[in-house]
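Asker:
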Ligand code: 6CM
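In my numbering, the protein residues as written are 6 to 263.
1. Looking only at its chain, what residues have a beta carbon closer than 8 Å to the beta carbon of residue 207, apart from the 5 residues adjacent to it on each side?
2. Is it right to say residue 26 is buried, meaning 16 or more other beta carbons lie within 10 angstroms of its own, or is it exposed?
3. Compare the Cα-Cα distances from residue 79 to each of 52, 95, 116, 60 and report the closest residue.
4. Can you give me the C-alpha to C-alpha distance between residue 103 and residue 115, rounded to a whole angstrom?
5. Does DSSP classify residue 149 as helix, strand or coil?
6. Can you give, in chain order, each stretch of the beta strand (DSSP E) that sits fully within the segment 78–163 and has at least 3 residues?
7. With DSSP as the reference, label residue 63 as helix, strand or coil.
8. When the distance is taken between beta carbons, is residue 83 closer than 8 Å to residue 195?
9. Taking 7 Å as the cut-off, is the C-beta of residue 79 nearer than that to any heavy atom in the ligand 6CM?
10. Any chance the CB of residue 57 is under 7 Å from a heavy atom of the ligand 6CM?
11. What residue range is occupied by the uninterrupted alpha helix (DSSP H) comprising residue 248?
12. How big is the Cα-Cα spacing for residue 111 and residue 131?
13. Starting from the C-beta of residue 3, find all residues in its chain whose C-beta is less than 8 Å away, skip the five residues before and the five after it, and write them out in chain order.
14. Could you tell me the boundaries of the alpha helix (DSSP H) in which residue 5 lies?
15. Have a look at the DSSP bridge pairing and note the partners of residue 217.
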């Protein structure tokens, strides 16, 4: 309780520094651009193995182990109508709505607000039997990538959220928990499809958003490979389906936010 109160006071009094002056900034900048390039690479070439498919949603993984731990990189692509890329990433990034869609978490704390587009989160995840409970401490950065030629079939806009494990002096370090190491990116692009006829106004029926989600999670300590792979196979499709439906339904009755 005391810890939470101290944190709350700190958050209220902390000046919002521009992110570019923060010591983490060079790393955030580099990883965000790297992840954008990685997300935009295709899944052809035989290294990616399709493990789940439903409608437009396709999920691929690469089986990979490090020091006996499953770290399978995951790449998912999806397309949804009725919401913009900005609306999608906003809901993915914002701490205010996280519990409305991420069913893998038990607790979430904002440890630090580095700037208006970068937050440091501490999350306690639900325990997966028979392994120790996991937590994650990571920075989360959201950014818009401007389009150069939206008229030539290029996306109207591109947005990215990038999450990566980090350290923080306010880390309360729960010894009962095993810390995971994660790198996650969520990339969305809005397309105006079908195109609007001259003089007509754009509606939600004209919005098509293409989504790519990539993650690499190192479980940080003992966890049986078969259990982990079974949980991922069930939970990742559930997450992406639920999340995108949630955003579309939530935005339905609201003005379009580009
Ligand atoms: O990317 C997702 N969520 C973001 C916001 O929470 C963030 C979180 C990444 C956590 C990565 C997984 C940690 C592994 C913890 C154990 C798995 C628990 C599942 C138990 C369910 C009963 O990037 C969506 C993450 C979706 C995970 C399936």
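Backbone N, C-alpha and C define an ideal beta-carbon position, used for all residues, glycine too.
Answerer: In brief:
1. Excluding positions up to five away in sequence, the list reads 197, 201, 261.
2. exposed
3. 52
4. 11 Å
5. strand
6. 79–86, 110–120, 123–130, 139–150
7. strand
8. The answer is no: Cβ separation not under 8 Å.
9. The beta carbon of residue 79 sits no closer than 7 Å to any heavy atom of the ligand 6CM.
10. no
11. Its alpha helix (DSSP H) spans residues 230–256.
12. 6 Å
13. Beyond the ends of the chain as shown, which are 6 and 263, falls residue 3; an answer cannot be given.
14. Nothing can be reported for residue 5, as the shown portion of the chain is limited to 6 through 263.
15. 82, 192
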